[in-house]
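For reference, the structure is listed below as structure tokens.
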């Protein structure tokens, strides 16, 4: 497992400095990691980060502070990229509410544009497919957090279906164990489990512990636990891809 991570503000190569500044909005993480830099032709991004929960300031105030600094540097637009994998309550309600508060406070100081969450980026399919590259095609299981919103898990269900993998949700009791047993009943002797989370944390630690328990319970089955997505070059490219989707929509 990789350590808990949190993005820190970095300057990332990528779009016109006067109108393509990015604030990547993440959940709360406990430690720090250096963000990966990514290049796009001829242009630049200036990137900062903010957290929805457990920040020193509420998210809308973090946005306002960053926006005012950018405005004083002659920048007139700030794109907000939600670092969330699921289209749940945070993406659908909490973030828009905080952005509306920031817009009200900033007035015409700087334009704010809330983009798409990175879990909906087209490149996410290929990224996860590559994670399973060295694993048997049968016996693959994606473990996601899960959403309580109606049809909130549809995107992950469709992703798993397109990849030909099973899927289990942490928020559904015994789902990981039930899906594991179902795969073994289908004759899978090797199970590869991929935690569909951005970074390691309490839940991924719990998934690892549960995987160890299942391995002890079913010693004839080979269990392989993959790391979560992590702060990688590929994930940085997904963020840039999401920004491009935002600016073109």
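Numbering (my numbering), first residue to last: 729 to 977.
Glycine residues also receive a C-beta, built at the ideal position from the N, C-alpha and C atoms.
These numbers come from a predicted model, not from an experiment.
In this chain, the beta strand (DSSP E) harbouring residue 807 covers 805-810. DSSP, reduced to helix, strand and coil, places residue 838 outside both helices and strands of the structure shown, so it counts as coil. CA-to-CA, the gap between residue 902 and residue 786 works out to about 35 Å.
Distances from the CA of residue 836 to each of 892, 795 and 824 were compared; the closest alpha carbon is that of 795. Straight-line measurement puts the Cα of residue 791 at about 12 Å from the Cα of residue 784.
Ranking 824, 775 and 951 by CA distance to the CA of residue 864 puts 951 first. By the criterion of at least three beta-carbon pairs nearer than 8 Å, the stretch 919-939 is not in contact with the stretch 773-781. If you check the CB distance, residue 860 and residue 893 come in under 9 Å.
Ranked by how close their Cα comes to the Cα of residue 882, the residues 811, 815, 798 and 752 have 815 in first place. Note on residue 947: under 16 other CB atoms within 10 angstroms of its CB, so exposed under the neighbour-count rule.
Taking 8 Å as the upper bound for CB-CB distance, residue 954 and residue 927 are not in contact here, some 14 Å apart. Within 10 angstroms of the beta-carbon of residue 940 lie fewer than 16 other beta-carbons, which makes it exposed. With contacts defined as CB atoms closer than 9 Å, residue 869 and residue 904 qualify as a contacting pair. Inside the stretch 900-968, DSSP marks whole alpha helix (DSSP H) runs of 4 or more residues at positions 903-913 and 930-945, from first to last along the chain. Unbroken alpha helix (DSSP H) stretches of 4 residues or longer found wholly inside the stretch 834-896: 851-859 and 882-891, given in chain order. Taking every protein chain shown into account, the CB of residue 916 has 16 or more other CB atoms within 10 angstroms, so this residue is buried. By the CB criterion at 9 Å, residue 838 and residue 806 fall inside the cutoff. 886 is the residue among 871, 886, 899 and 793 whose C-alpha sits nearest the C-alpha of residue 850.
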